[in-house]
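Engineer: If you read the sequence shown in the working numbering, its first letter stands for residue 31, the second for the next number, and so on.
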Amino acid sequence: MDCLFCAIIAGDVPARQIHADEHAVAFLDIAPWHRGHTLVVPRQHVADVLEPSTALIDIAPAIETVSRLLVDRLGAEGLNLLVNNRAVAGQEVFHLHVHVVPRFGEHPGMRGLFAPDPAAGGELDALHALLTAAS
Ligand code: 5GP
Ligand code: ZN
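(1) Measure the CB-CB distance between Ala106 and Phe134 and report whether it falls below 9 Å.
(2) How about His75: is its Cβ closer than 8 Å to a heavy atom in the ligand ZN?
(3) So, are the CB atoms of Val96 and Arg73 less than 9 Å apart?
(4) What does the alpha-carbon distance come out to for the pair Arg103 and Asp32?
(5) Give the single residue among Ile87, Val70, Val79 and Val123 whose Cα lies nearest to the Cα of Leu99.
(6) Taking contact to mean at least 3 C-beta pairs separated by less than 8 Å, is the stretch 32-46 in contact with the stretch 83-94?
(7) Please name the residue in Pro82, Gly108, Asp51 and Val123 whose C-alpha comes closest to that of Asp59.
(8) Identify every residue that forms a DSSP beta bridge with Val71.
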């Protein structure tokens, strides 16, 4: 099976991982909508939430940990959790993933969620270092 996120989980494709546990891997999105935009991905290959599995439940602790990490380390004031399911809903990588999107006061609200942020895209290595430094 040719799956980008399975390849990232296997270590065959590089990614800026910020958290991992038994069930999930979390890494910075390569084209962030906002600073710290992260994807939380189940280790098990599941296409989407419509495929019967416990994947979404299994990755709940990782979603919570990553949410706290982003708020604490980046000073985010809030965040969005989003799952796109199937192409019609905007899914482009067909391995279930939760977008964890930190939000900051200068770009508030739902309408600002998807604004691509080139500045955030240009500081991925610095962000990765900040988010993985020992606390
Ligand atoms: P979807 O539209 O499927 O919900 O989201 C897929 C996400 O994966 C997009 O936000 C996209 O930027 C991200 N993405 C695509 N390819 C890569 C990659 O090679 N590495 C990383 N870190 N993110 C990727
Ligand atoms: Zn996969």
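Beta carbons: idealized from backbone N, C-alpha and C, even for Gly.
Structural biologist: On the basis of the supplied data:
(1) Mapped onto the sequence shown, residue 106 falls at position 76. Mapped onto the sequence shown, residue 134 falls at position 104. Contact annotation: Ala106 and Phe134 have beta-carbon atoms nearer than 9 Å.
(2) Against the sequence shown, residue 75 aligns to sequence position 45. At least one heavy atom of the ligand ZN is nearer than 8 Å to the Cβ of His75, so yes.
(3) Start at 1 with the first residue of the sequence shown, and residue 96 comes out as number 66. Start at 1 with the first residue of the sequence shown, and residue 73 comes out as number 43. No, these two residues do not count as a Cβ contact at 9 Å.
(4) Counting from one through the sequence shown, the residue named residue 103 turns up at place 73. Counting from one through the sequence shown, the residue named residue 32 turns up at place 2. Between Arg103 and Asp32, the C-alpha separation is close to 34 Å.
(5) As a first step, residue 99 is located in the sequence shown; it is residue number 69 there, counting from the start. When only C-alpha atoms are compared, the closest one is Val70.
(6) No, because fewer than three Cβ pairs between the stretch 32-46 and the stretch 83-94 fall closer than 8 Å, the two stretches do not touch.
(7) Within the sequence shown, the letter at position 29 stands for residue 59. Looking at the Cα atoms, Val123 is the closest of the given residues.
(8) Taking the sequence shown and counting its residues from 1, the one referred to as residue 71 is at position 41. The bridge partners DSSP lists for Val71 are Val55.
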